[in-house]
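Below is one structure, written out as structure tokens; the observations come after it.
2 protein chains.
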Amino acid sequence: MLQQLNKEVLLKRREALEQVIKRRFIYQPAFSLYGGVAGLYDYGPVGCAIKTNIEQYWREHFIIEEDLFEIAATILTPEPVLKASGHVDRFTDLLVCDIKTGTGYRADKIVTETLEQRIAKEGDKLGADVKAKYLAVIKDVDTFKQDKMKEIIAELQIKAPETGNELTDPSPFNLMLPTIVGPSTKLPAFLRPETAQGMFLNFARLLEQNGGRVPFGAAQIGLGFRNEIAPRGGLLRCREFQMAEIEYFVDPTEKATFKKFNKYINLEIPLLSRQLQADALQHQPFKMGDAVKAGIINNETLAYFICRTYLYLVEIGINPVNIRFRQHQADEMAHYSSDCWDAEIEMSSGWVECVGLADRSAYDLNAHSNATGQKLQAARKFKVPQPRQVLSIILDKQKIGKELKKDGMALIKYVEALPDDEKLELSEYFQTHDEKVFNIDGKDLTLNKQLVKFEQKTMNVMEEKFIPHVIEPAFGIGRILQAIIEHSFNQRDDPQKTFFKFSPRVAPVKCSILSVVQNEEFDLVIQELTASLKKLGISCKTDNAGVALGKKYARTDEIGIPFAITVDKETLTAQSVTLREIETTKQVRVPIVEVPRIILELSSGLILWTDVLTKYPLFAAKEEDA
Amino acid sequence: MLQQLNKEVLLKRREALEQVIKRRFIYQPAFSLYGGVAGLYDYGPVGCAIKTNIEQYWREHFIIEEDLFEIAATILTPEPVLKASGHVDRFTDLLVCDIKTGTGYRADKIVTETLEQRIAKEGDKLGADVKAKYLAVIKDVDTFKQDKMKEIIAELQIKAPETGNELTDPSPFNLMLPTIVGPSTKLPAFLRPETAQGMFLNFARLLEQNGGRVPFGAAQIGLGFRNEIAPRGGLLRCREFQMAEIEYFVDPTEKATFKKFNKYINLEIPLLSRQLQADALQHQPFKMGDAVKAGIINNETLAYFICRTYLYLVEIGINPVNIRFRQHQADEMAHYSSDCWDAEIEMSSGWVECVGLADRSAYDLNAHSNATGQKLQAARKFKVPQPRQVLSIILDKQKIGKELKKDGMALIKYVEALPDDEKLELSEYFQTHDEKVFNIDGKDLTLNKQLVKFEQKTMNVMEEKFIPHVIEPAFGIGRILQAIIEHSFNQRDDPQKTFFKFSPRVAPVKCSILSVVQNEEFDLVIQELTASLKKLGISCKTDNAGVALGKKYARTDEIGIPFAITVDKETLTAQSVTLREIETTKQVRVPIVEVPRIILELSSGLILWTDVLTKYPLFAAKEEDA
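Chains A and B supply the protein sequences, listed in that same order. Its first residue numbered 7, the first sequence is counted upward by one per residue in the working numbering. Its first residue numbered 7, the second sequence is counted upward by one per residue in the working numbering.
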């Protein structure tokens, strides 16, 4: 079970797997009839069912377990929201274009590919220095800013690959897909690049549902969109992709500890910390309690979600040996983030980021507060009054009255009533400014710094406001699905006989019902059994064709149906069928009436195949003879 | 149970319901922080959970039961696809704009509203003729074409409502939301207006998965987008909306009969047929077998899906008395459609179309075949050879050779090898044309009509090709959800005490776990019980606050949690809890260990509350006293 499915093993299988993916329409490029569109994929019945199942289990594992508030916000998002969140200005890749044809390329990709080709083609002829320079550029090119990129393209004479033409200077290309809502207002909008913003915007409503208490979490499963310059093959970098995100809102003074984390302090998870990366070392297992104590992971809340993510991935069928959590370098994180870890899964294309776990601090709630003027805060309530430093404002009322006449009173009233945090903001503002203009009842009134004093006082308060911090686990469903498919794919002794060892929870169809030969009496049994399985909501696939049983098994193996029920002569006399497990191909004999319940419990993880093996007699027929 | 929830009853409750929808964030306008965007709604935790549950049961009821192929195709759709499907040209509403301000209005809406206001304001002063004219226009205005609309606007002097300004001439406004994919190719694309096209485009792949056999069905649950000119309140007409669609592909020679329809020939469903509408009569119940026999419903396949749709709606909690199926008028259907029925549900705003069931004939497969040159066909296979009229082409080879020299041979070879249907097309083409140009190996070669003869021959064939017809049930999930919420909403004797009588399958949270008073021992029981419920994937809500039990019940009633488990003193001694049902507020006493299984079976429809009542002793405490 715990074999190391490293990149080489997975690469070797990849061709056979690609054939199955295509032949059984697990997923395929969209719009092939019309020539296709890069970065868009359709999920066929097998892929779609696996996707539904891993989403459904995500609900159980995260939403039900943590009592998260699941919401469904819209994909259409007006521009001001994404301006505030920073996406309009910063959600970009560097684009270069062929100066004559206008064809666009992602700057980092074209540099990497050109240099890799030169190395492959010219090899040692390049000279050690040049080769070293090329390798250094390849390693860091995805972090280059606009100027550095321009410099490198000029220095290394990178040209358009198809034509050899010059390239335009690199410029930032916004990766959001634009649209316009409404015929009248013509509201500029984008397709959301992440589901997160919908949860931040509903923060106040959700806080109310939670009785004003923090911590609580919001969750959302839905599509995100990126107008990729260079979509990658398969499901790894698509323009339209399914995500599952959690925004867990915590009191920043409390995020260091998380009660339920206690369960996991001895859980060992492979970490590739910032330090290990700096030392050019591999990931290594850490006890999670130790990782927090040693300050490797910033806080228990983040560590708890790392644990839950690891357990989720293993439960849905990712090989645990091929999972690691890689910490972001300081210069790799968003500036507001205090710690960030990616769950990476080793696949045929190497280690792939599949889940991002970030401490986003108060960045997003702050951004939307500032943009809308509506405070997105929670309150910390005290059982007994707490002494707190409170900033009080002392105004020179006389001078203000003299200067502003009757407007003076309005200004005094307004400033004295400012909430605590705005008083603090004002005191900071006056450190660099001499006056502040307030718009009060439609009139601009100016307050001169000279007329204000600030004084810290200690007062007893019953509550204080704060902006929650956010811990965000964000799952890329398509990438996880591709990983499951790669890790589950197997070939028997005959490499043509392929099968998927899916976890029964995740398997697209839970069982097949086969007849050992074509026979009308068998068909009746199959119909009844199918009906009773469907009544429990269990998906099954019948095959009563007149072909050898071995061939029927091969067909259901190919799409990873974990359990096969076979109706044979004994079924008619003994009211029993055989039940076969896909990986071991072992069979047991089971009373028909017990079958639906067994399949239900196997597929919901309540019992394991080993439980079935101990309870029912082994059936010894060879598949080919049957 | 079967009370008539007519429009008036529902309207009376609507205000109290709106308050609950807002207070408990069932759904709310999106982007309120930023001033909101009409036609966009976010589902909060309660609405989102109901949505997930009705989708999940849709999977069981349709996808698993009919062995449909569920797929997930993309929302981004390149323009040529929607050009072929007819959406680029015909998916429009008539738009008029204020000639000075540019504000846009939906033409039919502005006419209706203006005339309704005039009637309301001026009443009898209008005169009987004018009033009758207005009412006639209001009735038909949504069917007016561009010219007729222009005429009416001029004749009745309709102006912009806010300004009184003149309006521009009505012009078709395309309701698809446009975008551009990729920085380089800049592919014009739209957000899909329906999920259907993704299934037509994958027809050939799915046919292959079904072993080349028809009938089979594809299904898809996902978002559709319409750039509505005038979004309506609530979830009824949104710009972004969840759909669940089936495309059931059938052999047109076989769609008249559908084996499983036999089960439903005696099922009575309220139909509002074309005839009843013409006679200005109400809908009335029909036995479905009779409706097909009498030719009211075109075929058994369509009738079967009407039955399944009806059963689905009832199962998820729509009041059966408020469902009817309304047949489209001949001029209301798409030209390619042979029959079309809407499942309409009576709500506070009247009868609302929630599901459309259309026989789309071969329109879509034909359209994409023609646009791409790739045949989207299935084959009818015969067990014994069947005599079929086959069209054979006889060419005057000598003359062709003379005219075209060596190109003549290429032309002869090409034309003789044409598939049967293209031979037929050619013979039809020559009825109105004198010559046909073929592009063969990059060369245009002209075939003169005079050099061709067609001859019908009877030949024995083993299969023949055909383009399947499509029966399409299309569900609007948001509308159905709004109907469920309206039909489930109830008030107790005290109208402030509101509750939802959701079907347990659909209920957002399956049970609440309450403590009769605050007590640490009770908390331990609650924790254990919660853990065992979560292990089965059952959502539950705990409330151990120090408030009266009656208040806790009111809170869980308000969001429609069907079952409440209460921990009391007896729990500690007898290991039992009380279990309360929301509608009757009846309680029984149940051993703790049996609770998780009971809730699981109640929520998956395996047992009913009446089964629980017969098995466990009634518990008689009054809620207020507890």
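Here a beta-carbon is modelled for each residue, glycine too, at the ideal position from N, C-alpha and C. Source: prediction; values computed, not measured.
- Residue burial is scored here from C-beta neighbours: residue 493 of chain A has at least 16 other C-beta atoms within 10 angstroms and is therefore classed as buried.
- Residue 204 of chain A reaches chain B at 48, counting residues in chain order whose Cβ is nearer than 7 Å.
- Taking 8 Å as the CB threshold, residue 380 of chain A lines the interface with chain B.
- Close partners of residue 460 of chain B in chain A (Cβ separation under 9 Å) are lacking, with about 31 Å as the shortest Cβ gap.
- For residue 220 of chain B, the closest Cβ of chain A is not nearer than 8 Å.
- Between residue 82 of chain B and chain A, the shortest Cβ-Cβ separation is below 8 Å.
- A buried status is given to residue 331 of chain A, since no fewer than 16 other beta-carbon atoms sit within 10 Å of its beta-carbon.
- Closest option to residue 54 of chain A, judged by alpha-carbon separation, among A:622, A:512 and A:415: A:512.
- With respect to residue 181 of chain A, residue 99 of chain A sits close: the two C-beta atoms are nearer than 8 Å.
- Shortest Cα-Cα distance from residue 207 of chain A to any of A:397, A:378 and A:581 involves A:378.
- Cβ contact annotation for residue 604 of chain B (same chain, cutoff 8 Å, sequence separation greater than five): 585, 596, 613 and 618, in chain order.
- Within chain A, the residues whose beta carbon sits less than 9 Å from that of residue 245 of chain B are 80, 82, 187 and 188, listed in sequence order.
- When secondary structure is reduced to three states using DSSP, residue 463 of chain B falls in the strand class.
- If you draw a straight line from the Cα of residue 231 of chain B to the Cα of residue 260 of chain A, it comes to about 42 Å.
- Take residue 316 of chain B, set aside five residues on each side of it, and the residues of its chain with a beta-carbon closer than 6 Å to its own are 275, in chain order.
- In the same chain as residue 200 of chain A, and ignoring 5 residues on each side of it, the C-beta atoms closer than 8 Å to its own belong to 230, 249, 251 and 480, in chain order.
- Counted as a single uninterrupted DSSP element, the stretch harbouring residue 259 of chain B is not any alpha helix (DSSP H), since DSSP gives it neither H nor E.
- In this structure residue 624 of chain B is exposed. Its beta-carbon is surrounded by fewer than 16 other beta-carbon atoms within 10 angstroms.
- Counted as a single uninterrupted DSSP element, the alpha helix (DSSP H) harbouring residue 435 of chain B occupies residues 426-435.
- Of all residues in the region 531-555 of chain A, only 540, 543 and 545 come within less than 7 Å of chain B when Cβ atoms are compared, listed by chain position.
- Per DSSP, residue 311 of chain B is one residue of the alpha helix (DSSP H) stretching across 306-321.
- CA-CA distance, residue 396 of chain B to residue 461 of chain B, rounds to 8 Å.
- Fully contained in the region 542-620 of chain B are the following beta strand (DSSP E) runs of length 3 or more, in chain order: 546-549, 569-573, 582-587 and 593-597.
- Going by beta carbons, residue 60 of chain A and residue 322 of chain A fall inside the 8 Å limit.
- Look at the region 170-210 of chain B and you find these whole runs of alpha helix (DSSP H), each 4 residues long or longer: 202-207.
- Around the beta carbon of residue 484 of chain B, 16 or more other beta carbons lie within 10 angstroms, which makes this residue buried.
- Here residue 294 of chain A is buried. Its C-beta has 16 or more other C-beta atoms within 10 Å.
- Annotation: Cβ neighbours of residue 54 of chain A in chain B (cutoff 7 Å, chain order): 76, 77 and 78.
- Residue 545 of chain B is positioned such that its CB atom lies closer than 8 Å to that of residue 516 of chain B.
- The way I'd put it, the region 86-98 of chain A doesn't touch the region 111-119 of chain B; fewer than three beta-carbon pairs between them come closer than 8 Å.
- Take the alpha-carbon of residue 107 of chain A and the one of residue 195 of chain A: they are about 30 Å apart.
- The DSSP-derived three-state label of residue 517 of chain A is strand.
- A Cβ-Cβ contact shorter than 8 Å links residue 193 of chain B with residue 186 of chain B.
- Rounded to the nearest whole angstrom, the C-alpha separation of residue 402 of chain B and residue 437 of chain B is 18 Å.
- Secondary structure note for residue 475 of chain B: its beta strand (DSSP E) is the uninterrupted segment 475-482.
- Any Cβ of chain B closer than 8 Å to the Cβ of residue 71 of chain A would place that residue at the interface, and such an atom is present.
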